[in-house]
Structure formats: C-alpha cells, structure tokens
Amino acid sequence: MIIRVGTHSVNRKFLPILQKVARISKIFKVSFYLCSRKPNSTHIMIEQPPKIEKKVFVNALLKGIDTEIASLVDEINSDYEYWDKVKYKSLPEGYTPQMLWTQVKASRLRGTMTVWNKYGIKLCVTSKMLRMCHEFDMKFGSFWETDNDAQSPEKKYYLSSSLMEEAIYSSKMEGASTTRVVAKEMLRKKKSPQNNAQQMIANNYATIQYIVEHKEEPLTEESLLYIHRLMTEKTLDNPDDAGRFRTNDKVVVADMVEGDIVYTPPSCTEIPEFVETICDFFNNDNQRTFIHPIIKGIIIHFMLAYMHPFVDGNGRTARALFYWYMLKENYKLTEYMSISRVISKSKASYERAFRYTENDGNDMGYFVAYNLRALEISFQQLRDYIQRKQQEKKAANAFMLAGNINQRQALVLQRLAEEPDTILTVKDVQELFSISSMTARKDLTDLVQQGYMKEIAINKVTRGYIKNSEIKY
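Those letters in the sequence shown? Residues 1 to 473, per this note's numbering, in order.
Structural data, given as structure tokens:
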C-alpha cells in the first residue's frame, strides 16, 4: 500500500480509462498526465527494502550496534535515509548492504513509539529531530523580540505577503495553475476569481485567515468540515462534496503515469472514529508520552493525509491543520513562513517521504524528517528575507531624510521602486498598514503633491496611485 498526497483522488470507475490511456501512451511514446503532475515530472519508483529474518533481527537487537559501523548508522539515522540510499554506502570488508540495513532498523526500533495504534503508525524520534525542534524553539521564540513594535509596518507587510505565498503554493501543489503575480494581484485587490485555479488560491487564503483568527479554538468535527468547505468551495466536480466526508470507498489515489492504484484509503466507515481520534490528539496532550509540538503537528498532517476523509482537497486540508496546530501551540512565527512554498519546490521528496513510510512498515520517521527540513529551509528563507528588507528599509529611510515623508510613505515608495508598475488604491494602503481610510488617503495624496506619485482613474469611483516615472527613486 502506497500513499500519494498532493494528487487528486480518482473515482474507481475511471481507472480502466486511465490504465488504457497509460498503455496507449507507452505504445506511442506519448506522455499523458492527470491533475497536478507537471509534464516534466518523473515517475517515482520506490524499491522495497530487503526482508530481515526474525532470528537475525533479534540477534542484532540483543548485540547492539557493531562499533565498526556505528558512526555510519548514526549518519544514516541523522537524515533518516531509506534503503535506496543505504544500499550504496561504502562498507568495511565483510559487510553487506543487507547487514547494514539490519543494524539501521534495529537502532530505530529501540527508539520507536506507536503514534497511531489502529493503523500501526510508528515513529522513531532521532537525536537530530530533537535538536532541530530545540533550535526551532529558540529561533521562533527570539526572532523579532528585539523589535518592540509588534505591529510595525514592515511586519504587517511581510505577514500579508507570506499568507498569500502559503495560499498560492499550497494550491499549486494541488494543480492550481497561475502565476504568483496574477494570484497576488487578485488577493491584494480582492478581485473575484476568474477560473478554478484562482478560486483554489482564494479559498486557501480565506482558510488561512480564518485559522489565524480562530487559532485558540479546539478542533471539532464541525470546524474540520468547515475548514474543508472553505478550502474546496466552488472547485469540486460535485459542489456537495465541499465540507462533507466521503460516504463510500470508490475514491482511490491513482498514479498519474501508469494509471495504477497506489493507495486505497481506509474504509469510509472508519472516518467517524478517525475524527474523534484526530480531534483528541489535536486538542489534548498524552500525559504518559510527550511528543514535541512541532513533531505532533507533522503527525496531524500525516493522519489526515493517511485517512483521506474527503473526496478531494485532503492535501490542502492536512497542511492547513498543521498550520493551525503550530499557531495554537504559540509558534507565532509560522504566520510569517510559507512552508508550502518549500514543499511545492521539493514535491517529489514530499511524495517520496509518504511512500517510504508506507514501504517501511508505517515508519513515519521519513515524513517527520522531511517536514523538519522543509521547516528549516522556510525559516532560513524568512531570515534571508528580513535581512534583505532591513537593507531596503535603510534605503527607504533615504526618502525620510528628504523630509515630509513618514515610515509608511517610505515603504510605499520603496515598493514602487521595486515594482514600478504597481497600482495602489487607498484601500490597499489601508489594509497593508492597518490604518484608517482617511490616513491612507492622506499618505497617498501627500506623495502626489510632493511629486513622487501620480493619481489616475481606475473607474468612475476608484482612484489609483502610481509611480511618477519622471522622478527616479
């Protein structure tokens, strides 16, 4: 059984058609793709790990790790590598890849906990995982603490931008095809979506905003369904499927190239118990076994993807639950990070992490390791962005030195310098800096009067403000 998340679910009745198309494509050497897979993406072939005889495995557990390869086993576990990499490791004379794999599996079993007993989902939390979580705790807690103005303009601007990025990339993973520029313009201007791709992005953005506003609330069946409805409204073949659990077992996840079934979710009859389980896991801490909140959030992501309780939109909803849980646990910096952007750009690794888990006895260490790396990259991108923006802020301060320019106006001018074709409205500036309409209008008209901007008519009612091309800045 193999999990594929990030692809669309397929009704069983369409599988013969998909399989026929796949056969034709092989004969004529033509590639056919379904849903969100891009034409240049490659089919992920996952080799099964070698079977280990029970007697050999027990012997490895009792003896402990051989000192001759102990450092190699630690290295493998540090990145939580799968058999397809382990088998190519350089080994001391007399060792085989199978012997090394036995040692790796034995070492992981010693630190394994069961996180979802009903389906045998296990997790070995490695030293590197714990170290990364500790570093995240330190970073997330101290970042921006030196800035006493929690509502500073640059923070608000980046928060707005990062929420948009998360919405765009989470939707793109599910097949939404549009450019970032067009998508951000739609969200900033609050334009009505013009197609299914834009609707997916608008839905995702609305969902993230809802989560931010309700992050302190517990997860319930009603809120889970509402999140899904927000995510999928006006994007599904059957509109009634939005905000509703699947009611049959006709849905499978199919390989886009071969047309084969790669994952069959548990029966829909098990969804009620699943909902009770995930809500309890989300809302409460196990008093007997501590799981670090970041790892717990990743487990919640995995649980929803594994159960596949909806006809479609499971990937988006799973990532939304992770986002919600992180905010609930007071990881406030999550609002400023677009984790889906990192996942989207390493989607093959994201999918492979699920399949490694399924192939290796439901060991979700692969999925946790991947997501921690994605989180680390996302944080580094945030850090790089802030450092770049600090440099830009210094440049923006040059406008303030000219006199009669406040910090908001300086940031507006800096944005126009970066994006000279931007058209701003009073409402844009009002929302960007969380100020009144009157203050936003005064900021813009002052810039017009000083010659930095020009006022244009967008329509009979709305006025736009653009960069004055006659002035260089």
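Ideal Cβ placement from N, Cα and C applies to all residues, glycine included. Please read all numbers here as calculations on a predicted model, not as lab measurements.
Per DSSP, which one or two residues make a beta bridge with residue i?
i    : result
C268 : DSSP, once it has assigned bridges, lists no residue as partnering C268.
R463 : A457
L424 : Y465
M113 : L123
Tell me which residues share the same chain as residue i and place their Cβ nearer than 6 Å to its Cβ, disregarding the 5 neighbours each side in the sequence.
i    : result
I24  : Because the pLDDT of I24 is 43, which lies under 50, any placement of that residue in the model is unreliable, and the number read from its coordinates should be weighed accordingly. Once the five neighbours on either side are set aside, I24 has no close Cβ partner at all.
I201 : A167, I168, S171, A176, A183
T264 : V252
L61  : A106
E470 : none
D241 : V311
T126 : N77
M132 : L372
I46  : R355, N359
Start and end of the alpha helix (DSSP H) containing residue i?
i    : result
K63  : 54-63
Y452 : Looking at the DSSP string, Y452 is not in any alpha helix (DSSP H), and its letter there is neither H nor E.
T220 : First-last for T220: undefined, no H or E at that position.
M303 : 293-307
I435 : No alpha helix (DSSP H) holds I435; DSSP gives it neither H nor E.
N196 : 196-213
Helix or strand or just coil, what does DSSP make of residue i?
i    : result
D79  : coil
S41  : Confidence in S41 is poor, its pLDDT being 41 and thus under 50, which makes the residue's placement unreliable; the coordinate value appears in the next sentence. It is coil, neither helix nor strand.
Y95  : coil
L123 : strand
V252 : strand
D363 : strand
Y331 : coil
Y473 : coil
Y88  : coil
I405 : coil
L236 : coil
E475 : Nothing about residue 475 can be read from this structure; the chain reaches only from 1 to 473.
V311 : coil
T247 : coil
Q103 : helix
E351 : helix
D66  : coil
R388 : helix
Q287 : coil
A183 : helix
K189 : helix
A417 : helix
V5   : For V5, the predicted model reports a pLDDT of 41, less than 50, meaning its position is unreliable and no value from the coordinates is stated.
A369 : helix
A398 : helix
A242 : coil
On the DSSP letters alone, give me the boundaries of the beta strand (DSSP E) that residue i sits inside.
i    : result
T317 : Run containing T317: none in the beta strand (DSSP E); it sits in the alpha helix (DSSP H), 314-328.
V342 : That residue, V342, is in no beta strand (DSSP E); its alpha helix (DSSP H) goes 339-344.
Output needed for residue i: all residues of its chain with C-beta closer than 7 Å, excluding positions within five of it in sequence on either side, in chain order.
i    : result
A150 : A caution first: A150 carries a pLDDT of 44, below 50, which makes its placement in the model unreliable, though a value can still be read off. Closer than 7 Å at Cβ, skipping near neighbours: no residue.
K38  : With a pLDDT of 38 at K38, under the threshold of 50, the predicted position of this residue should be treated as unreliable, though the coordinate-derived value follows. Here the set comprises nothing.
T289 : M113
M231 : N203, N204, T207, G313, R316, T317, A320
P293 : E329
N248 : C268
K87  : P97
V342 : A374, I377, S378
Y370 : S349, Y350, A353
F322 : G297, I298, I300, H301
S340 : E166, Y169, S170, M173, R319
T235 : N196, Q199, M200, N203
P49  : W83, W101, N359, D360
So, at 8 Å on beta carbons, what are the nonlocal neighbours of residue i in its own chain, with the 5 sequence-adjacent residues on each side left out?
i    : result
W464 : In the sequence on display, residue 464 carries Gly and not Trp. Within the same chain, G464 has close Cβ partners I423, L424, T425, E455, I456, A457, I458.
S436 : Q430
N404 : D446, Q450
K139 : L333, F379
S223 : H214, E217
Q103 : A60, I65, D66, I69, V73
L130 : H292
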